[in-house]
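Adding 1 to a residue's 1-based position in the sequence shown gives its number in this note's numbering.
By construction, the Cβ of each residue, glycine as well, lies at the ideal position given by its N, Cα and C atoms.
Accompanying notes for the structure given below.
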Amino acid sequence: EANLDLLADDNIHNLFKIFLEVISETYNSRFKFGERERVRKNWYDMRISDPYERNDIVRGKFLRQAKGDFGEKDDIQILLSEASALGAKLDETYRDQYKKGLSSVMKRSHIRSVADFISVYIELSHNLNYYPILNVRRDMNDDIYGRIELFTCIPKNVTEPLFNSLFSVILMSATLHPFDMVKKTLGITRDTCEMSYGTSFPEEKRLSIAVSIPPLFAKNRDDRHVTELLEQVILDSIEHSKGNVILFFQSAFEAKRYYSKLEPLVNVPVFLDEVGVSSQDVREEFFAIGEDNGKAVLLSYLWGTLSEGIDYRDGRGRTVIIVGVGYPALNDRMNAVESAYDHVFGYGAGWEFAIQVPTIRKIRQAMGRVVRSPTDHGARILLDGRFLTDSKKRFGKFSVFEVFPPAERSEFVDVDPEKVKYSLMNFFMDNEEQ
């Protein structure tokens, strides 16, 4: 039923067709000069609603164009409900045909899912807890086509009814802190038992240093003094690390930029984790070098796939370097999420709930890529003045040191840029002797 011409019910067919035409008209009319040419095979977001006000133009156009033949919103919802029932009936028929051997393929109707989506969309696209986005991309024939998306800005819209339907739930992760925030964002209102355990791994097996370099704000990233200082610390860290080195930059663009800078300056293999390119081959080659007691360098980015869920045990990773505080790109999606948290939890909560804490959680996950067992050892280097233990005094509200859990930040050691190499030399020498 992906082809609307197959629909037997003309009313449902025509209603769906209006919605598709509105989507097509919207993205074709909103392309700015040169924007159409920038659309490639990856989905490209187009704004159809202000991230702070939620004045969705697709919903408005659809309801206006559908009004003549189908009436007001409530009348349209009745028809969508009938379409959903029709789709459910078709699904049941397809299942029976498959069970009886009348069909070799288990067919599925799309009528129900389309009807349900449009029904939810026209109810919630103006709701501050949700945000509508129009995406476009090119197909195999190089033609542009679009899709409409309504995403949930706050997890509790999905998780709260799920948790309330269960007798008991266990959430377990090394990065659930702070618990109060997790409960609010997931909509957990029942009594909870909260347990937190420090790491049982020997403290002497890990080194956590914060390097005193200027904060890597966007305005500083091209500053000659800052870039030279940063490059020297990275080169010193690579030279004096006894094994593989992983660098997580604030963005894929920064990772690629420093790959071009570092690759000619070091005498070990340098790998780059790129957006849109499978990281499996790069990862396996990088691991193989480390497992063979060699040294290689891997440049990735904080919000990529290599910063969590990957086991850099033993020789696979000896040093991890976090370059800057990698906040997510503040695009329409993130602005909408921040706005939703402000609306639900009070002004100012958006930055903390949607951006600050998730970023630090991501940094903690990246730091955890090394030191994977009680016998493993590794160094974690934080390259940005905002990680320093006295950063609150130096940088005020821009400091992130106090966002880390107390047990973790108690291990941070402030180090001047020129002394990083000595900290690494002493650390690896001590662990080689054990």
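Using three-state DSSP, classify Arg-48 as helix, strand or coil.
-> Coil, per DSSP.
May I have the straight-line CA-CA distance separating Glu-205 from Asp-377, to the nearest angstrom?
-> Rounded to whole angstroms, Glu-205 to Asp-377 spans 11 angstroms at the Cα level.
Is DSSP giving Gly-291 helix, strand or coil here?
-> Per DSSP, reduced to three states, the secondary structure at Gly-291 is helical.
Quick one: what's Phe-250 bridged to in DSSP?
-> Phe-250 is bridged to Tyr-302.
Please confirm if the segment 94–111 is in contact with the segment 32–51, defined as three or more CB-CB distances below 8 angstroms between the two stretches.
-> Under the 8 angstroms Cβ criterion, the segment 94–111 does not count as touching the segment 32–51, having fewer than three qualifying pairs.
Following the continuous alpha helix (DSSP H) through Leu-80, name the residue where it begins and the one where it ends.
-> In the DSSP annotation of this structure, the continuous segment of the alpha helix (DSSP H) that includes Leu-80 starts and ends at 74–100.
When the Cβ atoms of the segment 21–33 are set against those of the segment 85–99, are three or more pairs found closer than 8 angstroms?
-> Touching, no.
Secondary structure of Thr-320, DSSP reduced to three states = Looking at Thr-320 - three-state DSSP - the assignment turns out to be strand.
Whole-angstrom C-beta distance between Phe-399 and Ile-361, which should lie under 8 angstroms | Your pair Ile-361 and Phe-399 does not check out as a contact, with CB atoms roughly 13 angstroms apart and the cut at 8 angstroms.
Any C-beta of chain D sitting closer than 8 angstroms to the C-beta of Met-430?
-> Note that chain D does not occur in the displayed structure, where there is just one protein chain.
Anticipated Cβ contact below 8 angstroms, Val-326 with Val-246, distance rounded | The C-beta distance from Val-326 to Val-246 rounds to 20 angstroms, too long to meet the 8 angstroms contact threshold.
If Ile-454 and Asp-46 are in contact, beta carbons under 8 angstroms, what's the gap, nearest whole angstrom?
-> Given that the chain is displayed from residue 2 to residue 435, the structure contains no residue 454 and the question cannot be resolved.
Please classify Leu-217: does DSSP put it in a helix, a strand, or coil?
-> Coil.
When the distance is taken between beta carbons, is Lys-243 closer than 8 angstroms to Arg-319?
-> Note that the C-beta distance between Arg-319 and Lys-243 is below 8 angstroms.
So, helix, strand or coil for Ser-424, using DSSP?
-> The three-state reading of DSSP puts Ser-424 in helix, counting H, G and I together.
Can you tell me whether DSSP reads Ser-105 as helix, strand or coil?
-> Correct three-state label for Ser-105: coil.
Which value, in whole angstroms, describes the spacing of the CA atoms of Leu-384 and Glu-264?
-> In this structure, the alpha-carbon of Leu-384 lies about 19 angstroms from that of Glu-264.
Roughly how many angstroms separate the alpha carbons of Met-107 and Leu-16, rounded to a whole number?
-> A straight line joining the alpha-carbon of Met-107 with that of Leu-16 spans about 27 angstroms.
Between the Cα of Pro-407 and the Cα atoms of Phe-71, Thr-200, Arg-139, which residue gives the shortest distance?
-> Nearest C-alpha to Pro-407 among Phe-71, Thr-200, Arg-139: Thr-200.
Any non-hydrogen atom of the ligand PLP within 7 angstroms of Pro-133 CB | The ligand PLP is not part of this structure, which contains no ligands at all.
Using three-state DSSP, classify Asn-136 as helix, strand or coil.
-> Asn-136 sits in a strand when the DSSP states are folded into three classes.
What number of angstroms, rounded off, separates the C-alpha of Gly-397 from the C-alpha of Phe-413?
-> Distance between the alpha carbons of Gly-397 and Phe-413: 18 angstroms.
Quick one: complete beta strand (DSSP E) runs, 3+ long, within the segment 154–241?
-> Entirely contained in the segment 154–241, the beta strand (DSSP E) runs reaching 3 residues are, in chain order, 207–212.
Where does Asp-144 sit, in a helix, a strand or coil, going by DSSP?
-> The three-state reading of DSSP puts Asp-144 in coil, since its state is none of H, G, I, E or B.
Does the Cβ of Tyr-313 have 16 or more other Cβ atoms within 10 Å, making it buried, or fewer, making it exposed?
-> With 16 or more Cβ atoms within 10 Å of its Cβ, Tyr-313 is classed as buried.
Pick helix, strand or coil for Leu-384, following the three-state DSSP scheme.
-> Three-state result, Leu-384: strand.
With C-beta atoms as the reference, is Gly-351 less than 8 angstroms away from Glu-339?
-> Cβ distance < 8 angstroms, so Gly-351 and Glu-339 count as in contact.
So, using beta-carbon positions, are His-241 and Lys-422 closer together than 8 angstroms?
-> A contact, by the Cβ cut-off of 8 angstroms.
Cα-Cα, which of Asp-333, Lys-363, Ile-290 is closest to Glu-309?
-> The shortest Cα separation from Glu-309 among Asp-333, Lys-363, Ile-290 belongs to Lys-363.
Run through DSSP, which three-state label would Val-276 get?
-> In this structure, DSSP gives Val-276 a state outside helix and strand, which the three-state scheme calls coil.
Decide if the segment 170–186 is in contact with the segment 55–66; the criterion is three or more beta carbon pairs, one per stretch, under 8 angstroms apart.
-> Short answer: they don't touch.
Under the three-state DSSP convention, the category Tyr-313 falls into = Coil, per DSSP.
Sequence-distant residues of the same chain with beta carbon closer than 7 angstroms to Thr-160, five excluded per side | These residues qualify, in order along the chain: Leu-187, Gly-188.
When you compare only the Cα positions, how much space is there between Arg-365 and Thr-176?
-> Within the model, the alpha-carbon separation for Arg-365 versus Thr-176 is close to 7 angstroms.
State the beta-bridge partners of Ser-13 as determined by DSSP.
-> The sequence as given places Ile at residue 13; Ser does not occur at that position. Here Ile-13 is not bridged, per DSSP, to any residue.
What is the DSSP secondary structure of Glu-2, counted as helix, strand or coil?
-> Summary for Glu-2: the model assigns pLDDT 37, below 50, so the residue's position carries little reliability; its value from the coordinates is reported in the next sentence. Correct three-state label for Glu-2: coil.
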